[in-house]
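Enquirer: According to UniProt numbering, numbering within the sequence shown proceeds without interruption in unit steps and concludes at 280.
Below is a structure I'd like to ask you about.
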Amino acid sequence: MLRVAVPNKGALAEPAAVMLGEAGYRGRHDRDLTVLDHANDVEFFFLRPKDIPIYVGSGELDLGLTGRDLAIDSRAPVEEVLALGFGASTFRFAAPDGQDWKPTDLHGRRVATSFPNLVRDHLAEQGVDAEVIRLDGAVEISVQLGVADAIADVVETGRSLRQHNLIAFGDPICVSEAVLVQRSGAAPSKVKSQLVARLQGVVFAQQYMMLDYDCPRALLPRAVAITPGIESPTVAPLADPDWVAVRAMVPRKEVNRVMDELAETGAKAVLASDIRSCRM
Ligand SMILES: Nc1ncnc2c1ncn2[C@@H]1O[C@H](COP(=O)(O)OP(=O)(O)OP(=O)(O)O)[C@@H](O)[C@H]1O
Ligand SMILES: O=P(O)(O)OC[C@H]1O[C@H](OP(=O)(O)OP(=O)(O)O)[C@H](O)[C@@H]1O
Ligand SMILES: [Mg+2]
Numbered sequence: 001m002l003r004v005a006v007p008n009k010g011a012l013a014e015p016a017a018v019m020l021g022e023a024g025y026r027g028r029h030d031r032d033l034t035v036l037d038h039a040n041d042v043e044f045f046f047l048r049p050k051d052i053p054i055y056v057g058s059g060e061l062d063l064g065l066t067g068r069d070l071a072i073d074s075r076a077p078v079e080e081v082l083a084l085g086f087g088a089s090t091f092r093f094a095a096p097d098g099q100d101w102k103p104t105d106l107h108g109r110r111v112a113t114s115f116p117n118l119v120r121d122h123l124a125e126q127g128v129d130a131e132v133i134r135l136d137g138a139v140e141i142s143v144q145l146g147v148a149d150a151i152a153d154v155v156e157t158g159r160s161l162r163q164h165n166l167i168a169f170g171d172p173i174c175v176s177e178a179v180l181v182q183r184s185g186a187a188p189s190k191v192k193s194q195l196v197a198r199l200q201g202v203v204f205a206q207q208y209m210m211l212d213y214d215c216p217r218a219l220l221p222r223a224v225a226i227t228p229g230i231e232s233p234t235v236a237p238l239a240d241p242d243w244v245a246v247r248a249m250v251p252r253k254e255v256n257r258v259m260d261e262l263a264e265t266g267a268k269a270v271l272a273s274d275i276r277s278c279r280m
């Protein structure tokens, strides 16, 4: 049976549960710490996302969903199998607004963070000798409370930084998202490949939309150039011989631009719909 770690709390827990549900796996009941999915030969363990790389790196669990930043900070021997497309954030230095900060200004100063290894390794790479103060959370407040001169923390919308008069500086230390990890160099297995393929199907489906439209036959070459699809679009005859129906997958981010172009070209009844899952 495949043993898989899933975040039980925090920003990644809910989207991870939704993604596993979409992939056909059994969900968590109440606050249970484990779920047996006999139908798919998988046992899920609900753990703190920070601990997940430790369990997977030690080989106790086969796969884990966690944050890339947490996996790096853990220093556990894990490798990314798949990026999951949710939980996106950057990990950045920040310090009081009103000064033009550079990472080298941290020399000889105190930097508070919940990701001490990630920060220490980054400072060492940059040749900056700063003191790292390890805190568990609410790191943004540490500067005003006087325990640090700057912070390094997760930034999603930037709201927490603004609220505490902090400004991010330097290049991001890490560009993170939720990832599926395994122990570095772990052997492949059939159940593992199946879970990876299913999640890949959901990730891919979330990044695309299905477009359906009617198109005058004479305009088909132009329409196909706008929606080339993955392999090639599906073209089906309509009752009216001068028209065809076209179906193609389109990157979600581009769907409105593509719909505008199709409408301008002369396509009618342009419909966009979600894809729940796929195997490419
Ligand atoms: N807005 C966000 N806040 C915190 N973490 C986020 C956010 N968006 C994405 N993440 C990612 O979630 C992971 C952190 O999850 P974790 O559960 O440790 O912290 P949390 O969501 O802040 O919960 P907690 O309440 O336990 O601090 C990291 O990989 C981080 O990059
Ligand atoms: O850029 P933003 O959208 O403001 O999001 C980032 C903030 O959210 C998280 O904090 P959380 O609320 O989880 O509290 P914590 O610091 O105690 O973990 C994170 O640690 C940042 O503080
Ligand atoms: Mg937090």
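We treat Cβ as the ideally placed atom computed from N, Cα and C, and that holds for glycine.
1. Does the stretch 184 to 194 come into contact with the stretch 210 to 224, if we say contact requires no fewer than three beta-carbon pairs (one atom in each stretch) closer than 8 Å?
2. How many angstroms separate the CA atom of S273 from the CA atom of A130?
3. Cβ of I141 less than 8 Å from any chain C Cβ?
4. Verify the contact flag: residue 291, CB atom, against every heavy atom of ligand 2, threshold strictly below 7 Å.
5. For ligand 2, I want to know if residue 284 counts as a neighbour, meaning its beta carbon is within less than 7 Å of at least one of the ligand's heavy atoms.
6. Check whether the Cβ of L262 sits closer than 7 Å to any heavy atom of ligand 5, and report yes or no.
7. Using 8 Å for Cβ pairs, my map puts I133 next to V111. What's the rounded Cβ distance?
8. Can you determine whether any heavy atom of ligand 1 sits closer than 7 Å to the C-beta of E156, and answer yes or no?
9. When you compare the stretch 92 to 104 with the stretch 202 to 214, are there three or more beta-carbon pairs, one atom per stretch, that lie closer than 8 Å?
10. Work out the CA separation of N8 and H164 for me, nearest whole Å.
11. Which residue wins for smallest C-alpha separation from L12, given the options F46, A94, L36, D41?
12. Below 8 Å on the Cβ atoms is my guess for M1 versus V42; work out the distance and round it to an integer in Å.
13. Roughly how many whole angstroms lie between the Cα atoms of V250 and D242?
14. Does the stretch 150 to 168 come close enough to the stretch 46 to 66 to have 3 or more Cβ pairs within less than 8 Å?
15. For V255, I'd like the list of residues in its chain whose CB is within less than 6 Å of its CB, leaving aside the five on either flank, ordered along the chain.
16. Using the C-alpha atoms, what's the distance from G64 back to S74?
17. Tell me where the alpha helix (DSSP H) around F204 begins and ends.
18. Following the continuous alpha helix (DSSP H) through M259, name the residue where it begins and the one where it ends.
19. Between I151 and A94, is the Cβ-Cβ spacing less than 8 Å?
20. Heavy atom of ligand 2 less than 7 Å from the Cβ of R159, yes or no?
21. Among T265, F169, G24, which one has its Cα closest to the Cα of L106?
22. Taking a contact to mean a Cβ-Cβ separation below 8 Å, would you say L238 touches D214 in this structure?
23. What separation, rounded to the nearest whole angstrom, lies between the Cα atoms of L123 and C174?
Expert: For this structure:
1. no
2. As a working mapping, residue 273 is identified with position 273 in the sequence shown. As a working mapping, residue 130 is identified with position 130 in the sequence shown. Distance between the alpha carbons of S273 and A130 is about 51 Å.
3. Here chain C cannot be found, since the structure has a single protein chain.
4. Because the chain spans 1 through 280 in this model, residue 291 falls outside it and cannot be assessed.
5. The shown model of the chain, from 1 to 280, leaves out residue 284, and the question about it has no answer.
6. By its list of ligands, the structure shown excludes ligand 5, since it contains just ligand 1, ligand 2 and ligand 3.
7. Here residue 133 is taken as the residue at index 133 of the sequence shown, counted from 1. Here residue 111 is taken as the residue at index 111 of the sequence shown, counted from 1. I133 to V111, Cβ: 7 Å. Contact.
8. If you number the sequence shown from 1, residue 156 lands on position 156. Under cutoff, so the answer is yes.
9. no
10. In the sequence shown, the residue the question calls residue 164 occupies position 164. In the sequence shown, the residue the question calls residue 8 occupies position 8. The alpha-carbon atoms of H164 and N8 are separated by roughly 28 Å.
11. Here residue 12 refers to the residue found at position 12 when the sequence shown is read from its first residue. That would be F46, whose Cα lies nearest to the Cα of L12.
12. For the purposes of this step, residue 1 is taken as residue 1 along the sequence shown, with counting starting at 1. For the purposes of this step, residue 42 is taken as residue 42 along the sequence shown, with counting starting at 1. Sure, about 7 Å apart at Cβ, within 8 Å.
13. Here residue 250 refers to the residue found at position 250 when the sequence shown is read from its first residue. Here residue 242 refers to the residue found at position 242 when the sequence shown is read from its first residue. One C-alpha to the other measures close to 25 Å.
14. no
15. By one-based count along the sequence shown, residue 255 stands at place 255. Within the same chain, V255 has close Cβ partners M209, A272.
16. Within the sequence shown, residue 74 is the residue found at index 74, counting from 1. Within the sequence shown, residue 64 is the residue found at index 64, counting from 1. Each residue's alpha carbon lies about 13 Å from the other.
17. Sequence index remark: in the sequence shown, residue 204 carries index 204 (1-based). Where F204 is concerned, the enclosing alpha helix (DSSP H) stretches over 190 to 207.
18. For this step, residue 259 is matched to residue 259 along the sequence shown. Where M259 is concerned, the enclosing alpha helix (DSSP H) stretches over 255 to 265.
19. The count along the sequence shown starts at 1 and reaches residue 151 at position 151. The count along the sequence shown starts at 1 and reaches residue 94 at position 94. Yes. Within cutoff.
20. Position 159 of the sequence shown, counting from 1, holds the residue named residue 159. Yes; taking the cut-off as 7 Å, the Cβ of R159 has a heavy atom of ligand 2 nearer than that.
21. The residue given as residue 106 occupies position 106 in the sequence shown. The residue with the shortest Cα to Cα distance from L106 is F169.
22. Translated into positions along the sequence shown, residue 238 becomes position 238. Translated into positions along the sequence shown, residue 214 becomes position 214. Against a cut-off of 8 Å, the Cβ pair of D214 and L238 comes out as a contact.
23. Residue 123 sits at position 123 when you count from the first residue of the sequence shown. Residue 174 sits at position 174 when you count from the first residue of the sequence shown. Each residue's Cα considered, the two are about 13 Å apart.
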